[in-house]
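Here is the structure we will look at, set down as structure tokens.
In mature numbering (1 follows the signal peptide of the UniProt record, and there is no 0), the protein residues as written are -17 to -1, 1 to 603.
Given below as structure tokens:
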């Protein structure tokens, strides 16, 4: 009977989600609440709305306007019932000098500061009612007032922190201990008066691989009552928004506001207390929307109703599958050795129906991914029908190197295909040659929250083609077909891995996706030893023009459908249908002003691979 129930649950995929109250998409944010209560508004925008370049900026605070240079920005702002404060960073050029000023601004005046010290890049900072800058940086609390600075010790090393104020002038501090994941809070006045005894503490459900970017917000009702909202990621089946309330004379309380294995709700939280209710809102990345909840203080002290069977980080994940991909390859390859004197290569490679075998496995903090694709050759792509097109890709993610969800990814690709290349010789003869193309790349990437990544990549590309050589000093030029031509490149890469995002944050989802990657770097081109001799009849003299700008891009467009069952402890499946286009381009100066007696290598190439794919995976 239990097996039947589990099977029914797996087939129906219940939401198994929890909400402490009904969600409200129209709930006021803390900024809207502050405006309603009469706090002076703060706006930062272009001084002239229709300005398009080198535009000066304006800060409007209450009814007062201040103008700044085009290179200016708001560093921090805080709003109170009778006064609002902001600090503006303004950079400008004065002769040969580049100057930076910081302006402390309210609705009556502005004061220039020379520096913000350690607070400049601190993620947690606020301004108190007198305009002092308060921040957590270098594992201590810093209070800056112009040229004066005071520091206070904090009890732990924080992995994340938040500083925020209410409209009446109270300032609260919240931080999470990197060692124990305990949440600690205090008011600024309490810390000044009582020292380390002012801190209150409660345990969270966070761990080192949880998310820690824009996931914590604190709000003081007064010095004795402080609320906190925290997005807490345990695993893909247990994630959501939790609230904490600290009141003098009572034990701290924790309640889950919303938790769902299907949705990813809780990032970028916002929080304030209005009368006897806690107003909390956050972003739902699954639905692409923001909504909030109104929770009474009495509800926060009720027993916790949400319980999850997935209470610890996932240690083992396995996904395997089979797919098909049809790939077409377009090549534009030529050389120029003078006006109207150009050679080119044409490549005949059949569209390949590649069969793919996919495997992904993770144990603790290390994840391995492999994808092997192959297809048999045909008579039109090569005269040897036994040769196959083969493609192997893989990645190793090391998740224990960084705190939070960031991972170091070592990614590789290997590709081999065959075809027929045709070209015209300098004598006008048409020649066809069987060729083999080999491509390999190795990338070192930092994979961040939401699936974005950046890093460095090395690539080697062996592909025959027409290569030209010119020398103005020698008065010679020519081209030849070089079977051993190859390109090595170093690139800076940035992109998004849609499926890393989906596998981390969403157990079940259905949506269209766009996954881009761009790269820019340097190509180094190498020719065979006798290519120059065959082209111009001489092998004397050095070679220039071996380096060129490398541009690359890839775009995946498609639809992903994934379902995993809580009742079956994560057993599920995923279907991906999409279209992939990938391009590589080499930019070279064919006609330098001076060749200094060296032979100029002339080569241009653009490759485009594109085609539809379908992939089915089973995961557990």
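The C-beta atom is built at its ideal place from N, Cα and C for all residues, glycine as well. Given the structure is predicted, the values throughout are model-derived calculations rather than measurements.
Tell me where the alpha helix (DSSP H) around residue 11 begins and ends. Taking the chain shown and counting its residues from 1, the one referred to as residue 11 is at position 28. From DSSP, residue 11 is part of no alpha helix (DSSP H); its letter is neither H nor E.
Using the three-state DSSP reduction, which class does residue 401 fall into: helix, strand or coil? Counting from one through the chain shown, the residue named residue 401 turns up at place 418. Three-state DSSP puts residue 401 in a strand.
Under 9 Å, do residue 40 and residue 32 count as touching if we go by C-beta distance? Walking along the chain shown from the start, residue 40 turns up at place 57. Walking along the chain shown from the start, residue 32 turns up at place 49. No; because the gap between Cβ atoms is not below 9 Å, this pair is not in contact.
Thinking just about the alpha-carbon of each residue, which of 386, 420, 431, 421 is nearest to the one in residue 392? Your numbering for residue 392 matches position 409 in the chain shown. Looking at the Cα atoms, 431 is the closest of the given residues.
Taking the beta strand (DSSP E) that residue 120 belongs to, which residues open and close that run? Numbered from 1 along the chain shown, position 137 holds the residue referred to as residue 120. Secondary structure note for residue 120: its beta strand (DSSP E) is the uninterrupted segment 116 to 120.
Which of helix, strand or coil does DSSP assign to residue 360? Position 377 of the chain shown, counted from the first residue, corresponds to residue 360. Note on residue 360: pLDDT 49, under 50, position unreliable in the model; no value is reported.
I'd like to know whether the C-beta atoms of residue 198 and residue 166 end up nearer to each other than 9 Å. To locate residue 198, count along the chain shown from 1; it is residue 215. To locate residue 166, count along the chain shown from 1; it is residue 183. No, Cβ-Cβ distance for residue 198 and residue 166 is not below 9 Å.
Opening and closing residue of the alpha helix (DSSP H) in which residue 280 lies: Here residue 280 is taken as the residue at index 297 of the chain shown, counted from 1. Residues 280 to 283.
Proximity of residue 566 and residue 539 at Cβ, strictly below 9 Å: In the chain shown, the residue the question calls residue 566 occupies position 583. In the chain shown, the residue the question calls residue 539 occupies position 556. Residue 539 sits away from residue 566, with the two beta carbons spaced by 9 Å or more.
Within the region 201 to 236, ranges of the beta strand (DSSP E) (whole runs, at least 3 residues): Counting only runs of 3 or more, we get 208 to 218, 221 to 230.
Buried or exposed (CB count within 10 angstroms, at least 16 for buried), residue 245: Numbered from its first residue, the chain shown carries residue 245 at position 262. So residue 245 counts as buried.
Looking at residue 494: is its Cβ nearer than 9 Å to the Cβ of residue 219? Taking the chain shown and counting its residues from 1, one reaches residue 494 at position 511. Taking the chain shown and counting its residues from 1, one reaches residue 219 at position 236. Between residue 494 and residue 219, the gap from beta carbon to beta carbon reaches 9 Å or more.
Proximity winner among 115, 317, 501, 189, relative to residue 480 (alpha-carbon distances): Residue mapping note: residue 480 aligns to position 497 of the chain shown, counting from 1. Measuring from the Cα of residue 480, the nearest candidate turns out to be 501.
Excluding five sequence neighbours on each side, which residues of the same chain lie with their C-beta closer than 6 Å to the C-beta of residue 25? Looking up residue 25 in the chain shown gives position 42. Excluding positions up to five away in sequence, the list reads 44, 60, 67, 69.
Indicate the three-state DSSP secondary structure (helix, strand or coil) for residue 479 in the structure shown. Translated into the one-based positions of the chain shown, residue 479 becomes position 496. Reduced to three states, the DSSP call for residue 479 is strand.
Using the C-alpha atoms, what's the distance from residue 57 back to residue 97? By one-based count along the chain shown, residue 97 stands at place 114. By one-based count along the chain shown, residue 57 stands at place 74. Put simply, the backbone Cα of residue 97 is about 15 Å away from that of residue 57.
Taking 8 Å as the cut-off, does the CB of residue 553 come closer than this to any heavy atom belonging to the ligand GDP? This structure lacks the ligand GDP; in fact it carries no ligand of any kind.
Proximity winner among 73, 152, 503, relative to residue 531 (alpha-carbon distances): Position 548 of the chain shown, counted from the start, is the residue given in the question as residue 531. Relative to the Cα of residue 531, the nearest Cα in the group 73, 152, 503 belongs to 503.
Sheet register partners of residue 473 (DSSP bridge): Here the question's residue 473 lines up with position 490 in the chain shown. Per the DSSP secondary-structure output, residue 473 pairs in a beta bridge with 441, 505.
Label residue 17 either buried or exposed according to how many other C-beta atoms from any shown protein chain fall within 10 Å of its C-beta, with 16 as the threshold for buried. As a first step, residue 17 is located in the chain shown; it is residue number 34 there, counting from the start. By the 10 Å Cβ count, residue 17 comes out buried.
In whole angstroms, what separates the C-alpha of residue 569 from that of residue 533? Indexing the chain shown from 1 puts residue 569 at position 586. Indexing the chain shown from 1 puts residue 533 at position 550. Rounded to whole angstroms, residue 569 to residue 533 spans 5 Å at the Cα level.
For residue 109, which three-state DSSP category applies? To locate residue 109, count along the chain shown from 1; it is residue 126. Strand at residue 109.
Could you please give me the residues that DSSP links to residue 167 through a beta bridge? Stepping through the chain shown from its first residue, residue 167 is reached at position 184. Secondary-structure assignment with DSSP links residue 167 through a beta bridge to 158, 184.
Distance, residue 282 Cα to residue 253 Cα: One-based indexing of the chain shown puts residue 253 at position 270. One-based indexing of the chain shown puts residue 282 at position 299. Whole-angstrom Cα-Cα distance: 19 Å.
For residue 519, the three-state DSSP class (helix, strand or coil): Along the chain shown, read from residue 1 onward, the residue named residue 519 stands at position 536. Note: residue 519 maps to helix in three-state DSSP.
Let me confirm a value: residue 91 is counted as buried when at least 16 other C-beta atoms fall within 10 Å, else exposed. Which label applies? What you label residue 91 is simply residue 108 of the chain shown in a count that begins at 1. Around the beta carbon of residue 91, a 10 Å sphere encloses fewer than 16 other beta carbons of the protein chains shown; the residue is thus reported as exposed.
Give the C-beta separation of residue 599 and residue 306 to the nearest angstrom, bearing in mind that I take them to be a contact with Cβ-Cβ under 8 Å. Residue 599 sits at position 616 when you count from the first residue of the chain shown. Residue 306 sits at position 323 when you count from the first residue of the chain shown. Contact check for residue 599 and residue 306: beta-carbon distance about 6 Å, within the 8 Å limit, so the pair qualifies.
With three or more C-beta pairs closer than 8 Å as the rule, is the region 210 to 229 touching the region 259 to 268? Under the three-pair Cβ rule at 8 Å, the region 259 to 268 counts as touching the region 210 to 229.
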